[in-house]
Amino acid sequence: MILRIISFILFILTLLSAFGGRINPTYVMLPSALTLALPYLAIATAVVSLAWFCAGRWITAAIGVAVLVAAWKPVSTAIPLHFQSEPTHKERTFKLLTYNILHGWDQEDPEMKAGNRSFQYVLDADADLVGLQELVDINDTGEVPRQEGTLRDSLLRKYPYRAGTTACDLKVLSKYPVKLIKEYPTFSHYEVKMPWGKLNWINTHLSSFNLTDEERKVMKEVVSVKDTEAGLKEMKGSIRGKLKDGFSRRAERAAAIRELADRISGPLVVSGDFNDVPESYAYRTIRGNDLGDAYAETSFGPLITYNRHGFLFHLDQILYRDKFMKALKVEKGSLKSSDHYPLLSEFEWIAK
Numbered sequence: 018m019i020l021r022i023i024s025f026i027l028f029i030l031t032l033l034s035a036f037g038g039r040i041n042p043t044y045v046m047l048p049s050a051l052t053l054a055l056p057y058l059a060i061a062t063a064v065v066s067l068a069w070f071c072a073g074r075w076i077t078a079a080i081g082v083a084v085l086v087a088a089w090k091p092v093s094t095a096i097p098l099h100f101q102s103e104p105t106h107k108e109r110t111f112k113l114l115t116y117n118i119l120h121g122w123d124q125e126d127p128e129m130k131a132g133n134r135s136f137q138y139v140l141d142a143d144a145d146l147v148g149l150q151e152l153v154d155i156n157d158t159g160e161v162p163r164q165e166g167t168l169r170d171s172l173l174r175k176y177p178y179r180a181g182t183t184a185c186d187l188k189v190l191s192k193y194p195v196k197l198i199k200e201y202p203t204f205s206h207y208e209v210k211m212p213w214g215k216l217n218w219i220n221t222h223l224s225s226f227n228l229t230d231e232e233r234k235v236m237k238e239v240v241s242v243k244d245t246e247a248g249l250k251e252m253k254g255s256i257r258g259k260l261k262d263g264f265s266r267r268a269e270r271a272a273a274i275r276e277l278a279d280r281i282s283g284p285l286v287v288s289g290d291f292n293d294v295p296e297s298y299a300y301r302t303i304r305g306n307d308l309g310d311a312y313a314e315t316s317f318g319p320l321i322t323y324n325r326h327g328f329l330f331h332l333d334q335i336l337y338r339d340k341f342m343k344a345l346k347v348e349k350g351s352l353k354s355s356d357h358y359p360l361l362s363e364f365e366w367i368a369k
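In our numbering, the protein residues as written are 18 to 369.
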C-alpha cells in the first residue's frame, strides 16, 4: 500500500511538472519549480510503471502509462526520441554555436595553464555564426585571460564580422555580414546577411536564480526524484522568494522576446542561455506557435547543458522559425571550462 501511495504521488508530480509551464510563475511558483524536474520524473514514472507491470499490478501500471500518454507532448520535448538528419542541399547549410562562455574563464584550470580553452573551442568548432553570453569585450585582456595574440588573431580572421557593445554581455561572431539592430535587457537582436537571404537572430541571456550553495542543495533534492517531496517542503523563505523572482523575471523578459519575434517576419533564430528548461513558462512563451526546437527535433534523450552545483538541467536553447529552415542536428561539446556546455547546431536554409 505504501509503495502504491508513493507511486501515485510520483504520477501526480509528473503531471504537474509536464504542464507546469502553462501557469504564469508570477502568480503560482510551484508548478514552474516542478517543471525543472520533468525529465527525471517522467523517466521515474516509466520505470515504476514497468515495475508494477512486472509485479502483475495492472491497474497501478496502467495509471502510470496513462500519465505518460497524457503528458506525452511536453515529455517528448524534454526527452525527444528523434535523430539527426542529412541535408537535401548541402550547399545551403550553416552551423550556429551558442555558448555561455563565462568571460573566457576556466573553472577547471583557474591558472589557465592550457591557455584559453573556451575560445580555442570556438575557433575549432568552425561554426558560421557564434552567439556568446557572459562576454563584455573580447579584446579586454582583463576580462578574457590567456587569449594569446595568435588565438585572438585567428578568431578575428575567421570571424571578420562581429556585433555587440560593451554595455551588454551578449556578443556574436559571424562569417557573414552582421548588424546589431538593438540591445535590450537580457537579449539582443541582430540581422545577418546570409548567402541565401536575411536571418534575424536573437541572442539571449535570461536571469538566473542567484541561489547560495546551501540553497542549491535544496534544489538538487527537488530533481533527485526520491527526495523531491522533501525538497519541496524545504523550498520556503529566501529560496522560495529567489525562485519566484527568477521565474517571474524570466517570464517578463520572455514576453518581450516573444513580442519582438512577432514583429519579425521571415527566418528567425532565438538562441542562448535561457536559464530555464524546455516546457518552462519562459520557454513556452518564447517558442509560441511558430518556432521549432532544434534539439527536440534532431536528438534522442534528455540534455544537460549546465555542469556546476549538481544542477543537471537543459538551460541553453536553440529555437528557430521552421518554415524557413530545417534543423539537422545539435551537438553538445564536452568542454567544462565554463559552467555551461557549448551547443553546436546545423541548419539547412529552405526559404526561397
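Note that beta-carbon positions come from the ideal geometry of N, C-alpha and C, so glycine has one too.
- Take the alpha-carbon of V64 and the one of L173: they are about 50 Å apart.
- For L85, there is no enclosing beta strand (DSSP E); the enclosing alpha helix (DSSP H) covers residues 75-87.
- Looking at the backbone, the Cα of R301 and that of D145 are separated by about 27 Å.
- According to DSSP, T110 shares a beta bridge with E365.
- DSSP places A142 in the uninterrupted alpha helix (DSSP H) bounded by 134-142.
- The continuous stretches of alpha helix (DSSP H) do not include A180, which lies in the beta strand (DSSP E) extending over residues 178-180.
- Going by beta carbons, P284 and L216 fall inside the 8 Å limit.
- Nearest neighbour of F291 by Cα position, chosen from C185, H357, Y44, turns out to be H357.
- About 6 Å separates the beta carbon of L140 from that of S171, a gap short enough to meet the 8 Å contact definition.
- The alpha carbon of T315 has as its nearest neighbour, out of E363, Q150, I23, the alpha carbon of E363.
- The residue from A79, C71, W89 with its alpha-carbon nearest to that of L33 is W89.
- I281 and I367 have their C-alpha atoms some 18 Å from each other.
- Within the same chain, Cβ atoms closer than 6 Å to the Cβ of A142 are found at L114, L361, the five residues on either side in sequence being excluded.
- Apart from sequence neighbours up to five positions away, the residues of its chain that approach K199 with a beta-carbon distance below 8 Å are S205, H206, ordered along the chain.
- Sequence-distant partners of K188 (beyond 5 residues in either direction) whose C-beta falls short of 6 Å from its own C-beta, in its chain, are L149, L152, G181.
- Cβ-Cβ separation between P319 and P56: approximately 4 Å, consistent with a contact (criterion under 8 Å).
- Beta-bridge annotation (DSSP): Q124 is not paired with any residue.
- Relative to the Cα of R21, the nearest Cα in the group P91, W75, D126 belongs to W75.
- For S66, the number of other beta carbons within 10 angstroms of its own is at least 16, and it is reported as buried.
- Judged by their CB atoms, P97 and W122 are not nearer to each other than the 8 Å cut-off.
- Straight-line spacing of the CA atoms in P127 and I256 works out to 30 Å.
- The C-beta distance from L332 to T322 rounds to 5 Å, short enough to fall under 8 Å.
- Around the C-beta of E296, 16 or more other C-beta atoms lie within 10 Å, and the residue is accordingly described as buried.
- Distance from the CA of L168 to the CA of D186, rounded to the nearest whole angstrom, comes to 21 Å.
- Nearest Cα to I80 within the set A268, C71, A72, T62: T62.
- Leaving aside the five residues that flank A131 on each side, the residues in its chain whose CB is nearer than 8 Å to its CB run, in chain order, D123.
- Each residue's CA atom was taken as its position, placing K340 and A278 some 14 Å apart.
- Between E365 and R109, the C-beta gap is smaller than 8 Å, which places the two residues in contact.
- Nearest to F28 by C-alpha distance, out of L197, W69, M46, is W69.
- One thing to note: S225 has its Cβ within 8 Å of the Cβ of G263.
- Looking at the DSSP output, F204 sits in a beta bridge with Y201, T221.
- Taking C-beta separations shorter than 6 Å and ignoring five residues to either side along the sequence, the partners of L58 in its chain run L30, T31, S34, following chain order.
- In the structure shown, E348 adopts extended strand secondary structure according to DSSP, grouped into three states.
- Counting only residues of its own chain and dropping the five nearest sequence neighbours on each side, W213 has a CB closer than 8 Å to the CB of R109, W366, A368.
- Remark: C-beta atoms of P42 and K261 approach each other more closely than 8 Å.
- The three-state secondary structure of S171, taken from DSSP, is helix.
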